[in-house]
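Note sheet for the following structure.
In this note's numbering, the protein residues as written are 22 to 162.
Structure (structure tokens):
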């Protein structure tokens, strides 16, 4: 799996296609890369949600289906959505407990866009009649 890194967009710089790894490009594989762009003036909170996230139970290898909600208060940068979709795809063959998935996503979003705060909620669909809902937070230091 590729390591996590972000695009190099500076605040106030005009954004171009070349600034992004995924947006406007034919990317056909999962990646651990989150592209970012300058926060538009007046934006105070961003909420992104996907009900198409899958991972594997780290013990049994059985598939798990999750709904992931990311809520963050941006400082200077925002997460680009196509790169987030490809990032979520990268968990499809990875064994992670729901709790670890929430913590990983919160940390990666925090490292990518350095928000004032970020809350990630992962709701795992029931297995054995049990739904797991986990919340992880990133706070800017």
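Glycine is no exception: its CB is placed at the ideal position from the N, C-alpha and C atoms.
query	result
Can you say whether residue 161 is buried or exposed, counting buried as having 16 or more other CB atoms within 10 angstroms of its CB?	exposed
Does the separation of the CB atoms of residue 99 and residue 134 fall below 9 angstroms?	yes
Tell me the DSSP secondary structure of residue 80 in three-state form.	coil
Across which residues does DSSP place residue 151 in a beta bridge pair?	148
Looking at C-alpha atoms only, which residue of 83, 102, 96 and 151 is the closest neighbour of residue 66?	96
Just grab the DSSP bridge partners of residue 86 for me.	75
Can you give me the start and stop residues for the alpha helix (DSSP H) that residue 105 sits inside?	102-110
Cβ atoms of residue 92 and residue 68: under 9 angstroms apart, would you say?	yes
What are the boundary residues of the beta strand (DSSP E) that includes residue 57?	57-59
Relative to the C-alpha of residue 143, which candidate in 126, 131 and 104 has its C-alpha closest?	126
Taking the alpha carbon of residue 81 as the reference point, which residue from 118, 147, 73 and 71 has its own alpha carbon closest?	118
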